[in-house]
Amino acid sequence: MKKTLFFLFIFVLTQGFSQNGIIRGVVIDDAVGESIIGANVFVKDNPTSGAVTDLDGSFSFSLPAGTYTLQVKYIGYQTITIDDVVSDPKEENVLGTIRLSEGDLELDEVVVTAKVIKTSEVALLTLKRKSAVMMDGISSAKFKQVGDATAVEAAKRVTGVSIEGGKYVYVRGLGDRYSKSMLNNVDIPGLDPDKNTLQMDIFPTNLIDNIIISKNFAAEMPADFTGGLLNIETKDFPERKLLSVSVSTSYNPQMNLNSDYLTYNGGGTDFLGFDDGTRALPAGAQDGSAPFPFVNSNQEVSDFAKSFNPTLGARRTTSPMDFSASFSMANQIGLKNSTNSLGYIFSLSYKTDYKYYDDVVYGEFQKTLSPTEYQMNYATVQSGQLGEKNVLLGGLAGIAYKTAKSKYRLTLLHLQNGESRAGQFDIDNNGAAVGQSGYIAKSDNLEYNQRGLTNVLINGVHKYDDGNWEVDWRLSPTLSSISDPDIRKTAFTYTPTNTFFSAGAGGNPSRIWRSLTEVNGIGKVDITRKHLLFDNPGKLKFGLSNTYKFRDYEILSYDIQFFANQSWDSTDPNAVLNPENIYPNEPNAIYFQSGNGRLNPNAYQSNSNNAAAYISEEFQLLKKLNAVIGLRAEYFVQRHTGRDQLYANGDKINGRNLDNEVVLESLDLFPTANFIYGLTDMQNLRASYSRTIARPSFKELSFAQILDPITNRIFNGSLFTYSSWNGQLVSTNIDNMDLRWELFMENGQIFSVSAFAKAFNNPIELVRIPEQQTSTEYQPRNVGDGFLYGFEVEFRKDLDFITPAMKNFNISGNLTIIESMIEMTDVEFNSRQSYLKDGETLDRNRQMAGQSPYVINGGVSYNSDDLGLDVGVFYNVKGPTLTIVGAGLFPDIYMKPFHSLNFSVLKKIGKNQNTTIDFKVANILNSKLQSVYQSYNADDQIFNSINPGISFGLGLSHNF
Amino acid sequence: MRVLGGRITVTNGVTLTIEPGTVIKGQAGAGANATALLIARGGKLMAEGTATLPIIFTSIADEITPEDVVAGRFASPNLEPTVNGLWGGVIVLGNAQISASNDNGDVSEVQIEGIPTSDQNGLYGGNNDADNSGVIRYISIRHGGTNIGSGNEINGLTLGGVGSGTVVENVEIVGNQDDGIEFFGGTVNVKNLISWNVGDDGIDTDQAWRGTLDNFVVITPAGHCFELDGPEGTFPGTHTIKNGSIIASTEDRVSEDLINVDDNTGVDLSNLYFTGIAEGQKINRVTASAVTFTNIMFDVAQADLASHVNGAVPAGVTAGGTPQANVSTLNWTWASKSGALSGL
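Taken in sequence, the protein lines are chains A and B.
One point on numbering: in the numbering used here, the residue at position 364 of the first sequence is 364, and numbering is uninterrupted.
One point on numbering: in the numbering used here, the residue at position 114 of the second sequence is 114, and numbering is uninterrupted.
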């Protein structure tokens, strides 16, 4: 399947050339941080030279070269006079945010200089202070100041977030299930559609207007988040012309330029993030069947076997350095003979990196039954090395058009990601463990994971009645596809007398093809009406949205089988499929056996539709007490087409088959109430209550059984009824309560203390299936009700209070402590009790899966605009987190704290600080990423362990 | 002739009767697509062949016909007796007590090896030791054992929690990819058995099976000749294995251990004759307190006997000896007809 390559839209737009310079800026209401529409901005001495602010509060006009004094006027507000405004034909003069305070147009006048305006607090911070919803964020002004290149680097500067895996952002230690990401205020599936959070390392900051993280729910937001909602807003009308190129490289002594690096022979377009067909399912294998000896001719059986790619083994080579490059351009253009303007953004980025883990361990461990034997028994331990090559190609293009009262924009995003993995493992299976037969094997694992995401956003904003009415509508279709073509596992079993493939031990060589296509369509309209309520300003918001998602999923598998006794001269996996070993040639006589029935139990189609409506009112309840009361309704239906193995195997009576049948349907109401009491202008007390939801995913509400061929662990969809599990997975309803005191100080400094509590009704956890002892199988299930409460301290403080010389230093961080508990089901409680060790006590409650007991983020940074220098050290850790709930024989699995310490230095050089050099060190503490089995009084035993090593990065970017 | 397409399950309360002389051929497939005959708890299999009209379970690749069987030609006309993995196998599950990894009653049942968790019919175990899963007589199970995942494949004949009311006699397993016969707890007795050229263990017992295996032949499994495990729960149990002849290696096939037991295995072994013993083949452990060796004969020189026992040679293990199985009851089998039993 060939991928269509990008069309590159190059904007060739020539501006009418003149000797005039352009002056731009934004006018906001100082009190609330919102833009002012219709303010007059003009040259003091020549009131006809100027402009009126548009629906974004922006203005843009040209003046002949020179230095001017401008005035900004709006009825009911003080007039601002700005001195020393330079008009330069070579470069736009962006004044930044001009803040108007309420007052008398004629009597009150404030005089400032252009320089002061530029360094004043940005609108976002005022919004944050005044917003009735607890939010935090970072805007383009800050990116510019500190020079972060991608969204993920910028996000780490927002208090209260943690970055995982270098690309995912989480809030308050709540796991992925309870987080959500949006792009331009619409749901967008990530490159991994089973994750709620979006990969953030793909968005260049120079095209982002702001990143906002909301910690509590408001009626206009989708209700399916609990921890945090992150929204990335791309620029529509860039303030100035941008043409930027950046390149970077990084080096990790363990991973780059290492001659032990593992890879395998892939295709010619791997470097572009997709497979060229090298890994495609052979033409004759598409329908899931396979020719069979004596049923089909020798030729057919042999040809079929030979149609598969014969590469089964990894090979060692020297890994190159990591490399990335990006190009971006953006501008806005005033249209001739009109006040309308056109804005565009365009970016292209390419990234390739190499990972080599020389010490990977996957373990399966069991408890012993004896109450006096504390140590766990191993069932299987795999240890070895893993090489990964990751290619990411991203393109973002947007065009926007603005008239006096309306704004339209079209944004296109495409991401293409290809990840190739090759591993070699020693497998030790312990025959003394329950359900295990005992064997030694060595495996070669080859994998390729290809992801593509295309998103289109069409957005219109209209303002009427001086901005008192605002209508914002958005349409956003997304197409995403993921495939894992030709996952290969080839494991020779070693006995004292023989080396061969043993189905009962290391297994026969197997190959898997997985593919997933998902289409999302979102339409929404949000209406805001500003009005007076009891003589005070109020804001009514209401709107509708509809989100449709469709997914098509399929797994096909083939096993290599032997029609004759095996005899191997060589244990090179790449020699296994040599022609002399293919049926009917003996020994070995390899043929391929299909793992796919006429009906595939591992294929499904699911769709969901979520129709939502909301209304909320923001109003002044008492003099200093503002409130937002809202209600959202969501009608959610999820349908599934799929069947269990019994049905697929022909048992139409006992088997189950769903044909677009409803598996989840509910109409839920999500009330929310947020109160903010202004103790002073810079000090607030907040309280909020809201109800939110966490729904099962398509994969969770399916019959799919997904085998991870490397770890040999199996995920089972929840639709299977099994023993105590009734197959009825339902959504989790969450009641959220928040209380916060916050103190704002100048320059974005903040100190806040919060307390929060969340009650989970029917939380979903991944549970080890206790009845299955031969293979390691998990299933998502509703478990007993959960509850958590926590405390949070956040701060960002300049250090000039120590000595004025330290005014460029600041420290920031947050500490969150969470106590979570879940009431065990009877089954879980009993199974734990029967494995109780001497001295161990069992509580009916335990920690919630996926919830970290604490999160610590901290950073020290130095930033000097004058020097163009930014230096920072950031630390992050999450407490031990229960990731998989054990049962009976199987111990609990905890993710161990990963102490992440990163350093970055960034220096702008050149006449206009147009060139930036940055240097980074990641994982300075050389921490390992580990999940372990834990049992009372026993040593921890490894479930997963990889060592990411320390990496050093160097980057260069230039703005033309 | 019948074709077995997919996993055919005989559910609770249902009886499947197979006429003598029937040839049942499983379609090809691995993983979820594996073909197998599964007798769930409460179901019954009445497969009563005779010495002249046995019931044959094999693969669709096998060209044997019911006419061949009537004519006494029990051997496959086209497949070697070593070919395996062409289809699944026969799985019988019952309600007899098992010793799974928990004695508190909440894990009195577990999922059988070879059937994915998604199929509840794969659960076995209960409290009825006299449970009756039917009659299996004069059946030959050939070329099966396809896998559903590594370390998780189908035995020739799997008996999980099968009760003593069940009759299993005169059974031949040929060239199965996994074990020949595997017992998971239960109380069923088996007699007159051949396990020939299987891909893993010849005889495999787990979860405190409490029955008796009497009069049998094991020929060159690729795994252990005997893989005998103990209880996994605290519920104890001992089984009896007696009157057997074992060929541990031939020119092209060598087994692993002669006898492999765990520390907690409970088994009484008596009147067993091992021949074709190769260098390195041994009893893995002689210290397990609940394993007894009585009249176990190794066809080796007295001087070599110690090299085939890991530890001190128990009094009941001696060099020399004579075949112990009464092979006249096995005359009907393919193994017998092909001459594989010669010398026994």
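Idealized CB from N, CA, C, for every residue including glycine.
(message) Comparing C-alpha positions only, which one of N654/A, G284/A, L533/A sits nearest to R7/B?
(response) N654/A
(message) Less than 9 Å between the beta carbons of Q593/A and D119/B, yes or no?
(response) no
(request) Mark P982/A as exposed unless 16 or more other C-beta atoms lie within 10 angstroms of its C-beta, in which case mark it buried. (result) Since the first and last residues shown for chain A are 1 and 960, residue 982/A lies out of range.
(message) Considering just the uninterrupted stretch of the beta strand (DSSP E) at V873/A, what are its terminal residues?
(response) Boundaries of the beta strand (DSSP E) around V873/A: 869-878.
(message) Just verifying my parser: in three-state terms, what is the DSSP assignment at W87/B?
(response) coil
(request) Check the Cβ of I60/B against every Cβ in chain A and list those closer than 9 Å, keeping chain order. (result) F292, F294, V295
(message) Determine, for V26/A, whether the minimum Cβ-Cβ distance to residues of chain B falls below 9 Å.
(response) no
(request) Please classify V327/B: does DSSP put it in a helix, a strand, or coil? (result) helix
(message) Excluding the 5 residues flanking K2/A on each side, which residues of the same chain have their C-beta closer than 7 Å to its C-beta?
(response) Note that K2/A scores a pLDDT of 39, beneath 50, so its modelled location is shaky and nothing firm can be said.
(request) Establish whether the CB of S118/B and some CB of chain A are separated by less than 9 Å. (result) yes
(message) Taking 8 Å as the cut-off, is the beta-carbon of S60/A closer than that to any non-hydrogen atom of the ligand ZN?
(response) The model depicted lacks the ligand ZN and carries no ligand whatsoever.
(message) If the criterion is Cβ atoms closer than 9 Å, does the pair Y1011/A and F365/A meet it?
(response) For residue 1011/A there is no data in the structure shown, the boundaries of chain A being 1 and 960.
(request) Rounded to whole angstroms, what's the CA-CA distance from V171/A to L157/B? Just pull it up for me. (result) Those two C-alpha atoms are separated by around 54 Å.
(message) Does H640/A pass the burial test, meaning 16 or more other C-beta atoms within 10 Å, or should it be called exposed?
(response) buried
(message) Any contact between the region 236-249 of chain B and the region 259-276 of chain B? By contact I mean 3 or more CB pairs, one from each, below 8 Å.
(response) yes
(request) Kindly list, in the order they appear in chain B, the residues whose Cβ is closer than 7 Å to that of E777/A. (result) T117
(message) Please classify I91/B as buried or exposed, where buried requires at least 16 neighbouring CB atoms within 10 angstroms.
(response) buried
(message) Between F943/A and chain B, is any beta-carbon pair separated by less than 9 Å?
(response) Interface residue (Cβ-Cβ distance to chain B less than 9 Å): F943/A is not classified as such.
(message) Checking 9 Å against the spacing of the C-beta atoms, do A627/A and N660/A come in under that value?
(response) no
(request) Mark L669/A as exposed unless 16 or more other C-beta atoms lie within 10 angstroms of its C-beta, in which case mark it buried. (result) exposed
(message) Suppose the cutoff is 6 Å on Cβ atoms and the five residues either side in sequence are ignored; what does the same chain contact list for S383/A look like?
(response) V361, D426
(request) Find the nearest neighbour of Q177/B within the set R632/A, F563/A, V471/A, judged by alpha-carbon distance. (result) F563/A
(message) So with CB distances below 7 Å, who are the chain B contacts of L766/A?
(response) Within 7 Å Cβ-Cβ: nothing; L766/A doesn't reach chain B, min ~14 Å.
(request) Mark H531/A as exposed unless 16 or more other C-beta atoms lie within 10 angstroms of its C-beta, in which case mark it buried. (result) Label assigned to H531/A: exposed.
(message) Please list the terminal residues of the continuous alpha helix (DSSP H) segment that includes N965/A.
(response) Summary: the structure shown does not reach residue 965/A, with chain A confined to residues 1 through 960, and so no result is reported for it.
(request) Measure the beta-carbon distance from I734/A to T226/A and round it to whole angstroms, keeping in mind my assumption that it falls under 8 Å. (result) At roughly 5 Å, the Cβ-Cβ gap stays under 8 Å, so I734/A and T226/A are in contact.
(message) Looking at the strands, I want to know which residues DSSP matches up with K999/A.
(response) Residue 999/A falls outside the range modelled here, since chain A spans only 1 to 960, and no answer is possible.
(request) Output yes or no for whether 9 Å exceeds the beta carbon distance between G347/B and N84/B. (result) Limits of chain B in this structure are 1 at one end and 344 at the other, which puts residue 347/B out of reach.
(message) Can you find the residues in the same chain that come closer than 8 Å, C-beta to C-beta, to A114/A, ignoring five residues on each side of it along the sequence?
(response) I82, D83, D84, V85, V86, N93, L95
(request) Could you pull out every residue in the same chain whose Cβ sits closer than 8 Å to the Cβ of G105/B, ignoring the five residues on either side in sequence? (result) Residue placement at G105/B is flagged as unreliable, the pLDDT there being 46, under the threshold of 50; the coordinate-derived value follows with that caveat. Correct list: empty, nothing qualifies.
(message) Applying the 10 Å Cβ sphere with the 16-neighbour rule, what's the burial state of S307/A?
(response) Exposed is the call here.
(request) With a cut-off of 8 Å on the beta carbons, I'd call D838/A and T372/A a contact; round off their distance for me. (result) 5 Å
(message) Please return the same chain residues whose Cβ sits closer than 6 Å to the Cβ of Q605/A, not counting the five positions on each side in sequence.
(response) D552, T641
(message) When you compare the CB positions of S853/A and T881/A, do they come within less than 9 Å of one another, or not?
(response) A small correction: the amino acid at residue 853/A is Pro; Ser does not occupy that position in the sequence shown. Yes.
(request) Using a Cβ cut-off of 8 Å, pull out every chain D residue sitting near L123/B, in sequence order please. (result) You won't find chain D in this structure, because its protein chains are A and B.
(message) Please report whether the beta-carbon of G211/B lies at a distance below 9 Å from any beta-carbon of chain A.
(response) no
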